[in-house]
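Novice:
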Amino acid sequence: MRQERFTEQAQEALAASQELVRQYHHSQWDVEHILLALLQQQAGLVGNILRELGIDVDAVKQSMVATLEKSPKVTYEAAQIYATPRIARLLEVATAE
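According to UniProt numbering, the sequence shown is numbered sequentially starting from 1.
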């Protein structure tokens, strides 16, 4: 994946989402990690769009946190993070745009 094709804000979200994988002791990187990272951005486009649509961003964040907390954890620090097929597809579509 060539991250230079993404905006700076998108690159920051990708990096933050991978940090969430480590923070939650997961071995797989999935779309929930990216969504939470996007929602945590202070002046993020995703949060602003959801607010414009009347969606409670804090409720979505809480839902993502709950989902990540329920996800399987590893008891060791994963040396490598594995991308799920969903994340691979998301990034494939995003780079095609």
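Glycine residues also receive a C-beta, built at the ideal position from the N, C-alpha and C atoms.
This structure is a prediction, so every number in the text was calculated from the model and none was measured.
Quick one, which of Glu52, Leu45, Asp56 and Leu68 has its alpha-carbon nearest Val21's?
Specialist: Looking at the Cα atoms, Leu68 is the closest of the given residues.
Novice: Which of the three DSSP states, helix, strand or coil, is assigned to Gln80?
Specialist: Looking at Gln80 - three-state DSSP - the assignment turns out to be coil, as it is neither helix nor strand.
Novice: Identify, in the order they occur along the chain, each residue of the same chain with its Cβ nearer than 6 Å to the Cβ of Ala16, setting aside the five sequence neighbours on each side.
Specialist: These residues qualify, in order along the chain: Ala37.
Novice: Would you mind giving the Cβ-Cβ distance between Gln28 and Tyr82, rounded to the nearest angstrom? I have them listed as a contact below 8 Å.
Specialist: About 5 Å separates the two Cβ atoms, so the contact holds.
Novice: Grab me the residues of Leu50's own chain with a C-beta within less than 6 Å of its C-beta, minus the 5 sequence neighbours each way, in chain order.
Specialist: Only Val57 meet the Cβ criterion.
Novice: Relative to the alpha-carbon of Ala43, which residue among Gln62, His26, Ala13 and Ser63 has its alpha-carbon at the smallest distance?
Specialist: Answer by Cα proximity: Ala13.
Novice: What does a CB cutoff of less than 7 Å around Val60 pick up in its chain, not counting 5 residues either side in sequence?
Specialist: Within the same chain, Val60 has close Cβ partners Leu39 and Leu50.
Novice: List the endpoints of the continuous alpha helix (DSSP H) containing Arg89.
Specialist: Where Arg89 is concerned, the enclosing alpha helix (DSSP H) stretches over Pro85 to Ala96.
Novice: Can you grab the Cα-Cα spacing for the pair Arg5 / Leu91, in whole Å?
Specialist: If you take the alpha carbons of Arg5 and Leu91, they lie about 11 Å apart.
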